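Asker: Got a structure here, written out as structure tokens. Questions coming.
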Amino acid sequence: MHTSQKPIGLWSAVAMGIGAMVGAGIFALLGEASDISGSAVYVSFIIGGLIALFSGYSLGKLGARYPSSGGIIEYLIQAFGPGVFTGSMGIMMYFSAVVSLSLIAKAFGNYAITFLPKSAGDDLWRHLFSVGIIIMFVLINLRGAKDVAIWERITVGIKFIVLVILSVAGIAVLKPDLLAPSHYPPVNNIFFSLAITFFAYEGFRVITNVAEDMPNPSRTLPRAMILAIALVMMLYVAIAFAVFGNLPVAKVIAAKDFALAQAALPIFGPIGFTVVAITALVATASAINANLYAVTNVTYQMAKDGELPAEFGKPIGHSREGLIISGFLIIISLLLFDLSEIAAIGSISILFIHTVTHIGHLKLIAETGASRALVIVAIVFSVSAMILALDYVLKTADHVVSILIGFVVVAVVTEIALRIITRRELKPRV
657 MHTSQKPIGL WSAVAMGIGA MVGAGIFALL GEASDISGSA VYVSFIIGGL IALFSGYSLG
717 KLGARYPSSG GIIEYLIQAF GPGVFTGSMG IMMYFSAVVS LSLIAKAFGN YAITFLPKSA
777 GDDLWRHLFS VGIIIMFVLI NLRGAKDVAI WERITVGIKF IVLVILSVAG IAVLKPDLLA
837 PSHYPPVNNI FFSLAITFFA YEGFRVITNV AEDMPNPSRT LPRAMILAIA LVMMLYVAIA
897 FAVFGNLPVA KVIAAKDFAL AQAALPIFGP IGFTVVAITA LVATASAINA NLYAVTNVTY
957 QMAKDGELPA EFGKPIGHSR EGLIISGFLI IISLLLFDLS EIAAIGSISI LFIHTVTHIG
1017 HLKLIAETGA SRALVIVAIV FSVSAMILAL DYVLKTADHV VSILIGFVVV AVVTEIALRI
1077 ITRRELKPRV
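For what it's worth, my numbering labels the leading residue of the sequence shown as 657, then goes sequentially.
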């Protein structure tokens, strides 16, 4: 972020992307997605992965040309200039990241309480675990980027080994009739579940935020982006086969807060449940770690550009005060709000931001050297997925649309208010 060392290499960046995606995805959202698309959820994961790959190509090319800790914020500024529109988009992305981290922290709490006896105090313990993990990683991130990279390599290795073993063992003993197309829901549901499954990939964007900590971002960033998404897509599909090949959809939905651990029961027994639950704790913790690092880089860049108060960019320890402020906002969010629809809100918000970024990329394509056709495909895929997700929430939870509108309004009002309060003069970036 602001150190002179360059500790983030290819596999460290891949590990950070995987850490962010897997923790926020398969552990936290598998049950939610299966509630919509049933045993065909693997198809939704494939489609979501393809959308992420094309988005990753576009963002990777932008990051190679404009390596910056600000990631998408930098690309928006390069394409549209540092105006109210770009600032509002940046604040929207920041809010999305805060809410995403709240969701992951809640997932950590859900798995943590499986180790405690059932009691009336489960909600209290869930909150304590969720808050505690955020505080712990705020303290870890204060030590700087090198510790973040080391932690990611360790945790990603652990959860990948466990999940691969679960996938291979589950596929080896799966019951084909449970995966028969006759059990699939209507085709529309498979597409509608993109409102959940794409959110399981959205963590790949954290790789763009470590560009300044890469020795050779023009080469490393695009490769890390594609590698991380491709590996996660294969893992998600394998896990989906293992889970739904051994458990009826109803059982997965019933245990959706800890669906993967439940899936290990018929394969490995109680020991398998415990091992997967521990892995879930490691995975969600890893996602919190990677996303906190990325959010701090984004807020630092935004503060440097005058898009957030200067306090976000002030040094503290080996990080920035934005880390402390973000941690505080995440804790407030997870304590105050019901996050059951956050995946849909997050997916739609991120898809909108990605669409705008890809459109901006077309203005910069002569500088990035990207394929215009592939960037256009990224735009079409992102828009299509966003429309499908909006259609789904309109039919099932139309108040989510009101929340999304409020989300945009708050971002714009906040940006305008910051400009009035700080009275800053906007200058073109070089």
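Note that the Cβ used here is the ideal one computed from N, Cα and C, for glycine as well. In this text the structure is predicted, and so the values were computed from the model without any measurement.
Taking the continuous alpha helix (DSSP H) assigned at residue 766, which residues delimit it?
Answerer: Translated into the one-based positions of the sequence shown, residue 766 becomes position 110. Looking at the DSSP string, the run of the alpha helix (DSSP H) that includes residue 766 is 740-768.
Asker: For residue 931, collect the residues of the same chain with a Cβ closer than 8 Å to its Cβ; drop the 5 residues on either side in sequence, then sort them by chain order.
Answerer: Within the sequence shown, residue 931 is the residue found at index 275, counting from 1. Shown here for residue 931: same chain residues with a beta carbon closer than 8 Å to its own, the five before and five after excluded, namely 818, 920 and 924 in chain order.
Asker: Is residue 845 near residue 692, with beta carbons less than 8 Å apart?
Answerer: By one-based count along the sequence shown, residue 845 stands at place 189. By one-based count along the sequence shown, residue 692 stands at place 36. Going by C-beta atoms, residue 845 is nearer than 8 Å to residue 692.
Asker: Would you check if the distance between the CB atom of residue 899 and the CB atom of residue 674 is smaller than 8 Å?
Answerer: Sequence index remark: in the sequence shown, residue 899 carries index 243 (1-based). Sequence index remark: in the sequence shown, residue 674 carries index 18 (1-based). No; because the gap between Cβ atoms is not below 8 Å, this pair is not in contact.
Asker: Tell me the rounded alpha-carbon separation between residue 782 and residue 788.
Answerer: What you label residue 782 is simply residue 126 of the sequence shown in a count that begins at 1. What you label residue 788 is simply residue 132 of the sequence shown in a count that begins at 1. Rounded to the nearest angstrom, the two C-alpha atoms are 10 Å apart.
Asker: Given a cut-off of 8 Å on the beta-carbon distance, is the pair residue 985 and residue 699 in contact?
Answerer: Here residue 985 refers to the residue found at position 329 when the sequence shown is read from its first residue. Here residue 699 refers to the residue found at position 43 when the sequence shown is read from its first residue. No; because the gap between Cβ atoms is not below 8 Å, this pair is not in contact.
Asker: Among 1013, 1057 and 793, which one has its Cα closest to the Cα of residue 1046?
Answerer: In the sequence shown, counting from the first residue as 1, residue 1046 sits at position 390. Residue 1057 is the option with its Cα nearest to residue 1046.
Asker: Are residue 936 and residue 916 closer than 8 Å when you measure CB to CB?
Answerer: Start at 1 with the first residue of the sequence shown, and residue 936 comes out as number 280. Start at 1 with the first residue of the sequence shown, and residue 916 comes out as number 260. Against a cut-off of 8 Å, the Cβ pair of residue 916 and residue 936 comes out as a contact.
Asker: Please return the same chain residues whose Cβ sits closer than 6 Å to the Cβ of residue 929, not counting the five positions on each side in sequence.
Answerer: Here residue 929 is taken as the residue at index 273 of the sequence shown, counted from 1. 917, 920 and 921.
Asker: Taking C-beta to C-beta, are residue 1035 and residue 1014 nearer than 8 Å?
Answerer: Here residue 1035 refers to the residue found at position 379 of the sequence shown. Here residue 1014 refers to the residue found at position 358 of the sequence shown. It is a contact, given that the beta carbons lie within the stated cut-off.
Asker: Does the count of Cβ pairs from the region 1008-1022 and the region 734-748 closer than 8 Å reach three?
Answerer: yes
Asker: Please work out which residues of its chain come closer than 7 Å, Cβ to Cβ, to residue 904, disregarding the five sequence neighbours upstream and downstream, and give them in chain order.
Answerer: Taking the sequence shown and counting its residues from 1, one reaches residue 904 at position 248. Sequence-distant Cβ neighbours of residue 904 in its own chain, meaning closer than 7 Å and more than five residues away, are 834.
Asker: Could you give the DSSP three-state label for residue 976: helix, strand or coil?
Answerer: Working through the sequence shown from its first residue, we reach residue 976 at position 320. It is a strand residue.
Asker: Report the rounded CA-to-CA distance for residue 1007 versus residue 998, giving the unit in angstroms.
Answerer: On the sequence shown, position 351 is the one that residue 1007 refers to. On the sequence shown, position 342 is the one that residue 998 refers to. Whole-angstrom Cα-Cα distance: 14 Å.
Asker: Mapping DSSP to helix, strand and coil, what is residue 890?
Answerer: Sequence index remark: in the sequence shown, residue 890 carries index 234 (1-based). Looking at residue 890 - three-state DSSP - the assignment turns out to be helix.
Asker: Leaving aside the five residues before and after residue 1041 along the sequence, list all residues of the same chain whose C-beta is less than 7 Å from its C-beta, in chain order.
Answerer: On the sequence shown, position 385 is the one that residue 1041 refers to. Counting only Cβ-Cβ distances below 7 Å, and skipping sequence neighbours, we find 707, 850, 854 and 1007.
Asker: Which term fits residue 716, buried or exposed, when burial requires 16 or more other beta carbons within 10 angstroms of its beta carbon?
Answerer: Here residue 716 is taken as the residue at index 60 of the sequence shown, counted from 1. Under this definition residue 716 is a buried residue.
Asker: Can you tell me the Cβ-Cβ gap for residue 968 and residue 1005, rounded? I've got them flagged as a contact below 8 Å.
Answerer: Residue numbering aside, residue 968 sits at position 312 when the sequence shown is read from its first letter. Residue numbering aside, residue 1005 sits at position 349 when the sequence shown is read from its first letter. Taking C-beta atoms under 8 Å as the contact rule, residue 968 and residue 1005 fail to qualify, at a distance of about 20 Å.
Asker: Helix or strand or just coil, what does DSSP make of residue 870?
Answerer: Position 214 of the sequence shown, counted from the first residue, corresponds to residue 870. Reduced to three states, the DSSP call for residue 870 is coil.
Asker: For the alpha helix (DSSP H) containing residue 795, name the first residue and the last one.
Answerer: Counted from its first residue, the sequence shown places residue 795 at position 139. Residue 795 -> alpha helix (DSSP H) spans 778-797.
Asker: Quick one: grab the DSSP three-state call for residue 949.
Answerer: Numbered from 1 along the sequence shown, position 293 holds the residue referred to as residue 949. In the structure shown, residue 949 sits in a helix (DSSP, three-state: H, G or I).
Asker: Looking only at its own chain, which residues have a Cβ that is under 8 Å from the Cβ of residue 785, when we skip the five neighbours before and after it?
Answerer: Within the sequence shown, the letter at position 129 stands for residue 785. Within the same chain, residue 785 has close Cβ partners 764, 765, 768 and 769.
Asker: To the nearest angstrom, how far is the alpha carbon of residue 667 from that of residue 689?
Answerer: For the purposes of this step, residue 667 is identified with residue 11 of the sequence shown, where counting begins at 1. For the purposes of this step, residue 689 is identified with residue 33 of the sequence shown, where counting begins at 1. C-alpha separation (whole angstroms): 29 Å.
Asker: Do you know offhand how far residue 1032's Cα is from residue 878's?
Answerer: Here the question's residue 1032 lines up with position 376 in the sequence shown. Here the question's residue 878 lines up with position 222 in the sequence shown. Whole-angstrom Cα-Cα distance: 18 Å.
Asker: Considering residue 1047, what are the terminal residues of the alpha helix (DSSP H) in which it resides?
Answerer: In the sequence shown, the residue the question calls residue 1047 occupies position 391. Residue 1047 -> alpha helix (DSSP H) spans 1028-1052.
Asker: Comparing the C-beta of residue 1068 with each C-beta of chain B, is any distance below 8 Å?
Answerer: Looking at the structure shown, chain B is missing, and only one protein chain is on hand.
Asker: Grouping DSSP H, G and I as helix and E and B as strand, with all else coil, what is residue 902?
Answerer: As a first step, residue 902 must be located in the sequence shown, where it is residue number 246. In the structure shown, residue 902 sits in coil (DSSP, three-state: anything other than H, G, I, E or B).
Asker: For residue 730, is the classification buried or exposed, using 16 other Cβ atoms within 10 angstroms of its Cβ as the cut-off for buried?
Answerer: Here residue 730 refers to the residue found at position 74 of the sequence shown. Residue 730 should be labelled buried.
Asker: In terms of alpha-carbon separation, which member of 695, 852 and 927 lies closest to residue 832?
Answerer: As a working mapping, residue 832 is identified with position 176 in the sequence shown. For the set 695, 852 and 927, the Cα lying nearest the Cα of residue 832 is the one of 695.
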